[in-house]
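**Student:** Residue numbers (full-length UniProt numbering), protein chains in the order written: chain A, 1 to 236; chain B, 1 to 236; chain C, 1 to 236; chain D, 1 to 236.
Just so you know, even glycine gets a beta-carbon here, dropped at the ideal spot from N, CA and C.
One structure is given below, represented as structure tokens, and several questions about it will come after.
Number of protein chains: 4
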Amino acid sequence: MLDEARLMALKQEVFEANLALPKAGLVKLTWGNVSVIDRELGVIVIKPSGVAYAEMRAEDMVVTDLDGIPIGSGLAPSSDLATHVVLYQEFAEIGAVVHTHSKWAVAWAQAKRDIPAYGTTHADAFYGRVPCTRELTNEEICTDYERETGNVIAKTFTERGLDPSAIPGVIVSSHGPFTWGKTAAKAVEHSLILETVADMAFQSEQLDHNLSMIPDYLLDKHYYRKHGENAYYGQR
Amino acid sequence: MLDEARLMALKQEVFEANLALPKAGLVKLTWGNVSVIDRELGVIVIKPSGVAYAEMRAEDMVVTDLDGIPIGSGLAPSSDLATHVVLYQEFAEIGAVVHTHSKWAVAWAQAKRDIPAYGTTHADAFYGRVPCTRELTNEEICTDYERETGNVIAKTFTERGLDPSAIPGVIVSSHGPFTWGKTAAKAVEHSLILETVADMAFQSEQLDHNLSMIPDYLLDKHYYRKHGENAYYGQR
Amino acid sequence: MLDEARLMALKQEVFEANLALPKAGLVKLTWGNVSVIDRELGVIVIKPSGVAYAEMRAEDMVVTDLDGIPIGSGLAPSSDLATHVVLYQEFAEIGAVVHTHSKWAVAWAQAKRDIPAYGTTHADAFYGRVPCTRELTNEEICTDYERETGNVIAKTFTERGLDPSAIPGVIVSSHGPFTWGKTAAKAVEHSLILETVADMAFQSEQLDHNLSMIPDYLLDKHYYRKHGENAYYGQR
Amino acid sequence: MLDEARLMALKQEVFEANLALPKAGLVKLTWGNVSVIDRELGVIVIKPSGVAYAEMRAEDMVVTDLDGIPIGSGLAPSSDLATHVVLYQEFAEIGAVVHTHSKWAVAWAQAKRDIPAYGTTHADAFYGRVPCTRELTNEEICTDYERETGNVIAKTFTERGLDPSAIPGVIVSSHGPFTWGKTAAKAVEHSLILETVADMAFQSEQLDHNLSMIPDYLLDKHYYRKHGENAYYGQR
């Protein structure tokens, strides 16, 4: 039997993270979803599909097993659930996933371009360019679209040798951003940072159409100032 | 005699949809109008002309017959009424019309360009590019401007073989957007989506000046994920 | 002796119009000012110089004679007063003047370009392009800067044969917008419209770098739909 | 022994200035910091590192000596403290420093370009272009990054012969803006102005890709209208 108190806490976490998205200007209408995984408990908790934020309650969050099969009766889960499931399977260290259609990240996704690291705001959170996946093929789209979206994200990281802990987000070609983190709050924060650096990178390119990435030593400095055992940002 | 309760409900629907426009950032000053049609009752209900949103009351909404002739005394209807009337006559399946001067849609209208489908945000709501009408001729403008605006919209859909249910909006050359839907709320939602995809498409073009539309299979996938009998987005 | 009640009403009008500017996003810090003239009473009432909006009270508004000489004791008037005085002298039909540093109008002013009429949003309020003045000379700036700013605005209208009633605003080269109207509320509304059409025109040019102005018959249609004896917009 | 009342007033000043940053849209998450110096008291007071604005209290502000060594127990100071310390040492007349990652200033910093003075909004606060520092070297970044950031700012002013009182801000290459002023409120105001003129200059360049700076006499006029002994803006 599931631990009800723990489950309710997960629902509350997912609920609050979903509400944080429109509040931060990252989501309009119902264009976003957050999930968390509890690997010990064997569950994923995700936003229901197409429910207005204003009407959503914590108890409406949908519980599934680790394969995305809903447990018990309840609302239908977000149609992007299968993408989240694949990300949890492929990225063992993550605890939450966020998907939005935030404007600047989508602009880069539609242009099918990686977001280059042009400054320290980027380097503080993403250890290198935010990758844009290749486009899905007709076959991938027609067979199991949402699962294949997850697969193409995972392949992007594998093929390029990227570490999902150091680059906690991606933009899916012609679609939009997915981010992740240890907790729902962290995954939401990564969505906000991704959107902000997508915006800043866009503007910088307008000012200089031949702009180069920052040097590796500046990327290293800022990333490791905030992450890893020698980090010295924040309270210890 | 008209059914007063039903009429009051229509006025309330139109009133609330009008107020939703400035709240969503789609309308400044008095630059917008919403109408609904009740084909059974034989009436159109529309915002009065040039009345400030802050002072407008539900009972101020103007009732006309299906030709746009005001019924009873009351305020003068929106000066764009004749455009709404033509759209209701030409597009049998729609129940509401919205007109705004929202920034990004106007930017494309002024550039006299269709809004290309560059991503899934667009494909989720518009099954193909959002058309921009041809410019009205001097004669059309001087004779019956608002009616001819409706005619040029209808012709755009006929001549290009477009389905107004699948593409619930248009931009009128040098002017701005009109959207529609089964209900006032849906028509307003389409205005918001049109504005958002106009914005995203603009930014993507700045990132790649030779951008191509998304392939048909991705357009199909996203449109039919949300619409038609095989839709699986949202609660069933 | 001045009519105190009438004077207090003028102060209240100026006070409220000044507060409307930051509320509409047209002014940051203390970068704006509104004045009204009462030609019968022989007074101009204007915002005091450099006073924070949050601390300003209606009674702080400064009263001057028609030459801009302060009447009675009180705060120092806006440093732009002399520009307002010239506009009242040169444009006999206006009753209020507004100056801001709103972003999009300033962007055009800094580029020293007229704002072209690219659509109906523009034509509804400005009967043709919004002119950008020539740059002030070194001598004009060093002798009587604010007065010469008014003079260069007036000359722009005279030399180009423009009617300040039909084009209720201007952008001063390298500086920013001035608008006017019969009342303070109307002058503020013109500032908001000028800012909006400056924004829209900017974006449309990014979509088409060789964009043309709308044809005269569309300009005529929209302007005269709202203005003059054959206007039919709004309530009669 | 330190004067506790005076110290508490400094903490309150720093606390309020920090809160003003997200309120003015200049800071997201924890991406900003404000400090003040009291040279007589021999202390610097600065925001703690990585603490959320919503949870921060005035008493959490961190007190250090003039070398940036924390006095007493308490939270860890902002990781940018060493930059502030250098600025206080090099710019004897300043009383407060602000650092943000505001969008438009960062866009120019990432493009490694000075912000040109294109209009009076700029000239009112910055007496000439806002300089962008050279990039830090690998060695500077690896040895004492935050201190070297301060050094490269100071060198930029020395080598170019700039007066930090007349140009109260800088953008650090690939990073973002630092501003300063006599008080924390003034330094925050300079951050807001820097962000605004960075935005306006960006847009003006899009309208004219070969734009020139304003002439010196207009720069002089506007700067000295607000600053120095002949200033006549505001209340005397």
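(1) I need the DSSP call for PRO22(D), collapsed to helix, strand or coil.
(2) Let me check understanding here. Comparing Cα to Cα, which of GLU205(A), VAL14(A), SER79(A) lies closest to ASP124(B)?
(3) Please identify, using Cβ separations under 8 Å, the residues of the region 98-127 of chain B that lie next to chain C, in order along the chain.
(4) Output, in sequence order along the chain, the residues in the region 176-204 of chain C whose CB is closer than 8 Å to any CB in chain B.
(5) Count the other CB atoms within 10 Å of the CB of THR143(B); is the residue buried (16 or more) or exposed (fewer)?
(6) State whether the region 25-36 of chain C contacts the region 90-107 of chain C, with contact taken as three or more CB pairs (one from each stretch) at a distance under 8 Å.
(7) Answer yes or no: do GLY176(A) and ALA92(A) have a C-beta to C-beta separation smaller than 8 Å?
(8) Below 6 Å CB to CB, which residues in the same chain sit around GLU90(B) once its five sequence neighbours on both sides are set aside?
(9) Need the endpoints of the beta strand (DSSP E) that THR64(C) sits in, please.
(10) Can you find the residues in the same chain that come closer than 8 Å, C-beta to C-beta, to GLY72(B), ignoring five residues on each side of it along the sequence?
(11) Using beta carbons (cut-off 8 Å, strictly below), is CYS132(C) in contact with chain D?
(12) Using the beta-carbon of each residue, which ones in chain D are nearer than 8 Å to ASP208(A)?
(13) For TYR232(C), decide whether its Cβ has a neighbour in chain B, counting only Cβ atoms nearer than 8 Å.
(14) Select from TYR223(D), ALA52(D), ALA201(D) the residue whose C-alpha is nearest the C-alpha of SER165(D).
(15) In or out: GLY150(A) buried (at least 16 other Cβ within 10 Å) or exposed?
(16) Whether or not the region 1-17 of chain A and the region 36-47 of chain A are in contact is what I'm after, with contact meaning three or more pairs of Cβ atoms, one per stretch, closer than 8 Å; do they touch?
(17) Chain B partners of ASN138(A), CB-CB under 8 Å?
(18) Tell me whether ALA92(D) sits in a helix, a strand or coil according to DSSP, three-state version.
(19) Contact defined as beta carbons within less than 8 Å: I believe GLU148(D) pairs with SER174(D). What is the distance between those atoms, to the nearest angstrom?
(20) Let me know if THR158(D) comes out buried or exposed under the rule of 16 or more other beta-carbons within 10 Å of its beta-carbon.
(21) Taking a cut of 7 Å between CB atoms, which residues from the region 137-161 of chain B lie near chain A?
(22) Suppose only complete runs of 4+ residues qualify. What are the alpha helix (DSSP H) ranges in the region 183-234 of chain A, listed by chain order?
(23) Please classify LYS23(D) as buried or exposed, where buried requires at least 16 neighbouring CB atoms within 10 angstroms.
(24) Rank ALA107(A), TYR232(A), GLN235(A) by C-alpha distance to the C-alpha of ASP199(B) and give the top, closest one.
(25) Using C-beta distances below 6 Å, list every residue in its chain close to VAL170(A), excluding the 5 sequence neighbours before and after it, in chain order.
(26) Does ILE69(B) pass the burial test, meaning 16 or more other C-beta atoms within 10 Å, or should it be called exposed?
(27) To the nearest angstrom, how far is it from the Cα of TYR53(D) to the Cα of LEU75(D)?
(28) So with CB distances below 9 Å, who are the chain A contacts of LEU75(D)?
(29) Classify ASP38(C) as buried or exposed, calling it buried when 16 or more other Cβ atoms lie within 10 Å of its own Cβ.
(30) Using the C-alpha atoms, what's the distance from LYS182(D) back to ALA201(C)?
(31) Let me make sure I understand the geometry here. Which of GLU4(D), VAL172(D), ILE115(D) has the alpha-carbon closest to that of TYR118(A)?
(32) Would you say LYS28(D) reaches chain A, if we count a Cβ-Cβ gap shorter than 8 Å as a contact?
(33) Should SER165(C) be flagged as near chain D, meaning a C-beta pair shorter than 8 Å?
(34) For HIS99(B), which residues does DSSP report across the bridge?
(35) Should GLU229(C) be labelled buried (16 or more other beta-carbon atoms within 10 Å of its own) or exposed?
**Tutor:** From the atom records:
(1) Here residue 22(D) refers to the residue found at position 22 of the fourth sequence. PRO22(D) falls in the helix class under three-state DSSP.
(2) Residue 124(B) sits at position 124 when you count from the first residue of the second sequence. Nearest neighbour of ASP124(B) by Cα position, chosen from GLU205(A), VAL14(A), SER79(A), turns out to be SER79(A).
(3) Hits within the stretch, in order: HIS101, LYS103, TRP104, VAL106, ALA107, TRP108, ALA109, GLN110, ALA111, LYS112, ARG113.
(4) Of all residues in the region 176-204 of chain C, those with a C-beta nearer than 8 Å to a C-beta of chain B are GLU189, LEU192, ILE193, THR196, ASP199, MET200, ALA201, GLN203, SER204, reading in chain order.
(5) Here the question's residue 143(B) lines up with position 143 in the second sequence. The residue is exposed, with fewer than 16 neighbouring Cβ atoms inside 10 Å.
(6) Cβ pair count under 8 Å is three or more, so yes.
(7) Residue numbering aside, residue 176(A) sits at position 176 when the first sequence is read from its first letter. Residue numbering aside, residue 92(A) sits at position 92 when the first sequence is read from its first letter. For GLY176(A) and ALA92(A), no; Cβs fall outside 8 Å.
(8) Position 90 of the second sequence, counting from 1, holds the residue named residue 90(B). Cβ neighbours of GLU90(B) beyond the five flanking positions: ALA154.
(9) Residue mapping note: residue 64(C) aligns to position 64 of the third sequence, counting from 1. It spans 62-64 - the beta strand (DSSP E) in which THR64(C) sits, taken as one unbroken run.
(10) The residue you call residue 72(B) lines up with position 72 of the second sequence. Hits under 8 Å: VAL63.
(11) Stepping through the third sequence from its first residue, residue 132(C) is reached at position 132. Chain D contact via Cβ: absent.
(12) By one-based count along the first sequence, residue 208(A) stands at place 208. Neighbours of ASP208(A) on chain D, chain order: ALA111, LYS112, ARG113.
(13) For the purposes of this step, residue 232(C) is identified with residue 232 of the third sequence, where counting begins at 1. Interface flag for TYR232(C) against chain B is set, since a Cβ pair is found closer than 8 Å.
(14) Taking the fourth sequence and counting its residues from 1, one reaches residue 165(D) at position 165. When only C-alpha atoms are compared, the closest one is TYR223(D).
(15) Start at 1 with the first residue of the first sequence, and residue 150(A) comes out as number 150. Buried: at least 16 other Cβ atoms inside 10 Å.
(16) Flag = yes, the region 36-47 of chain A and the region 1-17 of chain A touch.
(17) The residue you call residue 138(A) lines up with position 138 of the first sequence. Going along chain B in sequence order, the residues near ASN138(A) (Cβ under 8 Å) are PRO215, TYR217.
(18) The residue you call residue 92(D) lines up with position 92 of the fourth sequence. DSSP, reduced to helix, strand and coil, places ALA92(D) outside both helices and strands of the structure shown, so it counts as coil.
(19) By one-based count along the fourth sequence, residue 148(D) stands at place 148. By one-based count along the fourth sequence, residue 174(D) stands at place 174. GLU148(D) to SER174(D), Cβ: 14 Å. No contact.
(20) Looking up residue 158(D) in the fourth sequence gives position 158. By the neighbour-count definition (other C-beta atoms within 10 Å, threshold 16), THR158(D) is an exposed residue.
(21) Within the region 137-161 of chain B, no residue qualifies.
(22) You should have 184-207, 216-226.
(23) If you number the fourth sequence from 1, residue 23(D) lands on position 23. Exposed.
(24) Position 199 of the second sequence, counting from 1, holds the residue named residue 199(B). It is ALA107(A).
(25) The residue you call residue 170(A) lines up with position 170 of the first sequence. Taking C-beta separations shorter than 6 Å and ignoring five residues to either side along the sequence, the partners of VAL170(A) in its chain run PRO131, ILE153, PHE178, following chain order.
(26) One-based indexing of the second sequence puts residue 69(B) at position 69. It counts as exposed.
(27) Reading the fourth sequence from its first residue, position 53 is the one you call residue 53(D). Reading the fourth sequence from its first residue, position 75 is the one you call residue 75(D). Taking the straight line from one Cα to the other gives about 14 Å.
(28) Working through the fourth sequence from its first residue, we reach residue 75(D) at position 75. GLN235, listed in chain order.
(29) In the third sequence, the residue the question calls residue 38(C) occupies position 38. Buried: at least 16 other Cβ atoms inside 10 Å.
(30) If you number the third sequence from 1, residue 201(C) lands on position 201. If you number the fourth sequence from 1, residue 182(D) lands on position 182. One alpha carbon belongs to ALA201(C), the other to LYS182(D), and they sit about 40 Å apart.
(31) Taking the first sequence and counting its residues from 1, one reaches residue 118(A) at position 118. Measuring from the Cα of TYR118(A), the nearest candidate turns out to be VAL172(D).
(32) Looking up residue 28(D) in the fourth sequence gives position 28. Taking Cβ atoms only, chain A reaches closer than 8 Å to LYS28(D), which makes this a yes.
(33) Against the third sequence, residue 165(C) aligns to sequence position 165. No, its Cβ sits nowhere closer than 8 Å to a Cβ of chain D.
(34) As a position in the second sequence, residue 99(B) is number 99, starting the count at 1. Note: HIS99(B) sits in a beta bridge opposite ASN33(B), PHE178(B).
(35) Taking the first residue of the third sequence as 1, we reach residue 229(C) at position 229. GLU229(C) should be labelled exposed.
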